[in-house]
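Residue numbers (the numbering used here): 8 to 476.
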């Protein structure tokens, strides 16, 4: 009897799963395996919010496999030795997985593939997380892109109408002995910080499909106009499901394409596909410039006069900066494990440009508190705002949190929701509660930690020194 191991990683689904399809097609039995080995991810092992999601996503996948009369075999690493032990115990002759692109994991997977092949095991890896592998979208000079728009034009031209792969049927699943329990992975936070997450999220493939249905039915039509309004449900909220591979870009496009064809409403589709293209671009940059996950891509910024102030950083983390839109975003993050994308840019600009703190401080905080924490997107986004990465916002682009709030949260619904001290504030003071002497203090809300105009000028002076240095 031919047995193949399918090594699940961040592809926690049964649909559109190339590794699973290959194993089920070529072999009589399939052993689904998840190996918990966070140390192999180097300095970027999953943060607390990601671990919460992972626990529930693995539980959901386990339940999905039970419906196919099998189970997800859980082990605690190291990965190579675990796979070798499973091969010996089951007689498996092949191992299949879907690719990951983080630098530490590329190195690990390359070594595992080489070692197993030398031992006579058939090993194959597949592209399942992105539309195209990072090495498949290059300039005419066969070089990686550093600017998104030409990258997207190239990628968009390559996209066909390939349908998602169906779940293999029948799915004949093998079992193995000596597996770990889900609780043994010790993924859930030891405090009650994440207890409220379940009110906002349903990890797993079924939850991903439900969120995609909502986007197809409601949000897609106004996506281009409403995605910048944090008080509205105008974004897809698919990012954690995409990160953990509970859904793929191909699945999303097929579903949304069908919805567009049925409704005739076309205009929301391309803006959303472009956002998925940005995700491919982030992985493209991380793959070709692996040092960018924790170092300035533009080395001139190594000279930038960053400031270290632990007390100020803590105020930012806790949403006590005295700037309503910034504080609303940081409190939404703490309560839900997520933050609206427009607000992410604003809180990042406040930290790096107004406060003058290194973008890594923000990247680390997001890494620990976001349920959709993704190394490629996180690093690219922070460097984009800080001005130190590819396709970076011009150094002089410093988001004004007051004018941004007035434009994108004009009635203050978002601020009132997340900053209860200002819930009953008159509209004229909601975005600038310091404009009336004593008003903020009367509501127990702090004054701004920095003068917006003065801190903007300090940032411009620092960026000018880098630019001319």
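All residues carry an ideal CB built from backbone N, CA and C; glycine is no exception.
Outcome for residue i when other beta-carbon atoms lying within 10 angstroms are tallied against a minimum of 16
{"i": "residue 154", "result": "exposed"}
{"i": "residue 289", "result": "buried"}
{"i": "residue 451", "result": "exposed"}
{"i": "residue 359", "result": "buried"}
{"i": "residue 234", "result": "buried"}
{"i": "residue 454", "result": "exposed"}
{"i": "residue 247", "result": "buried"}
{"i": "residue 105", "result": "buried"}
{"i": "residue 46", "result": "exposed"}
{"i": "residue 207", "result": "exposed"}
{"i": "residue 198", "result": "exposed"}
{"i": "residue 299", "result": "buried"}
{"i": "residue 92", "result": "exposed"}
{"i": "residue 438", "result": "buried"}
{"i": "residue 321", "result": "exposed"}
{"i": "residue 394", "result": "buried"}
{"i": "residue 164", "result": "exposed"}
DSSP-derived helix/strand/coil call for residue i
{"i": "residue 81", "result": "strand"}
{"i": "residue 21", "result": "coil"}
{"i": "residue 43", "result": "strand"}
{"i": "residue 425", "result": "helix"}
{"i": "residue 15", "result": "strand"}
{"i": "residue 38", "result": "strand"}
{"i": "residue 303", "result": "coil"}
{"i": "residue 254", "result": "coil"}
{"i": "residue 131", "result": "strand"}
{"i": "residue 378", "result": "coil"}
{"i": "residue 103", "result": "strand"}
{"i": "residue 367", "result": "helix"}
{"i": "residue 481", "result": "This structure leaves residue 481 out entirely; the chain is present only between 8 and 476."}
{"i": "residue 180", "result": "strand"}
{"i": "residue 405", "result": "coil"}
Cβ-Cβ separation, residue j to residue i (assumed contact under 8 Å), whole Å
{"i": "residue 100", "j": "residue 129", "result": "6 Å"}
{"i": "residue 253", "j": "residue 284", "result": "Wrong, their Cβ atoms sit about 20 Å apart, outside the cutoff."}
{"i": "residue 57", "j": "residue 354", "result": "The Cβ separation is near 19 Å, so there is no contact."}
{"i": "residue 51", "j": "residue 374", "result": "7 Å"}
{"i": "residue 304", "j": "residue 419", "result": "Actually they do not touch by this definition, with Cβ atoms about 37 Å apart."}
{"i": "residue 23", "j": "residue 258", "result": "5 Å"}
{"i": "residue 40", "j": "residue 75", "result": "Going by Cβ atoms, the distance from residue 40 to residue 75 rounds to 15 Å, so no, they are not a contact pair."}
{"i": "residue 357", "j": "residue 408", "result": "6 Å"}
{"i": "residue 43", "j": "residue 162", "result": "The Cβ separation is near 33 Å, so there is no contact."}
{"i": "residue 361", "j": "residue 463", "result": "7 Å"}
{"i": "residue 387", "j": "residue 292", "result": "6 Å"}
{"i": "residue 317", "j": "residue 326", "result": "The pair is not a contact, with the Cβ atoms about 16 Å apart (cut-off 8 Å)."}
Residues near residue i in its chain [Cβ-Cβ closer than 8 Å; skip 5 each side]
{"i": "residue 313", "result": "363, 364 and 365"}
{"i": "residue 385", "result": "370, 373, 374 and 377"}
{"i": "residue 54", "result": "374, 375, 376, 377 and 380"}
{"i": "residue 134", "result": "25, 105, 106 and 140"}
{"i": "residue 33", "result": "9, 11 and 101"}
{"i": "residue 443", "result": "436"}
{"i": "residue 477", "result": "Here the chain covers residues 8 to 476 and nothing more, so residue 477 does not appear."}
Proximal residues to residue i (C-beta, below 6 Å), its chain only, five neighbours per side dropped
{"i": "residue 158", "result": "152 and 288"}
{"i": "residue 85", "result": "44"}
{"i": "residue 19", "result": "64, 68, 251, 252 and 253"}
{"i": "residue 77", "result": "180"}
{"i": "residue 35", "result": "8 and 9"}
Spatially closest choice to residue i from the options, by CA coordinates
{"i": "residue 195", "options": "113, 66, 433 and 255", "result": "66"}
{"i": "residue 425", "options": "346, 455, 471 and 202", "result": "346"}
{"i": "residue 21", "options": "197, 332, 138 and 251", "result": "251"}
{"i": "residue 295", "options": "16, 464 and 149", "result": "149"}
{"i": "residue 176", "options": "85, 330, 29 and 206", "result": "29"}
{"i": "residue 10", "options": "192, 31 and 91", "result": "31"}
{"i": "residue 256", "options": "27, 136 and 339", "result": "136"}
{"i": "residue 156", "options": "350, 278 and 93", "result": "278"}
{"i": "residue 17", "options": "109, 77 and 174", "result": "109"}
{"i": "residue 60", "options": "134, 343, 187 and 38", "result": "343"}
{"i": "residue 114", "options": "49, 165 and 447", "result": "49"}
{"i": "residue 138", "options": "126, 147, 168 and 442", "result": "168"}
{"i": "residue 382", "options": "190, 118, 444 and 286", "result": "286"}
{"i": "residue 414", "options": "126, 237, 469 and 147", "result": "237"}
{"i": "residue 302", "options": "270, 319 and 389", "result": "389"}
{"i": "residue 341", "options": "201, 132, 125 and 276", "result": "201"}
{"i": "residue 311", "options": "263, 421 and 466", "result": "466"}
{"i": "residue 309", "options": "121, 37, 132 and 472", "result": "472"}
Nonlocal neighbours in the same chain, by C-beta distance under 7 Å from residue i, ignoring five residues either side
{"i": "residue 145", "result": "151"}
{"i": "residue 423", "result": "429 and 430"}
{"i": "residue 352", "result": "392 and 406"}
{"i": "residue 281", "result": "159"}
{"i": "residue 261", "result": "170 and 171"}
Residue i at chain B interface by Cβ criterion, 8 Å
{"i": "residue 451", "result": "Among the chains in the structure shown there is no chain B, since it carries only a single protein chain."}
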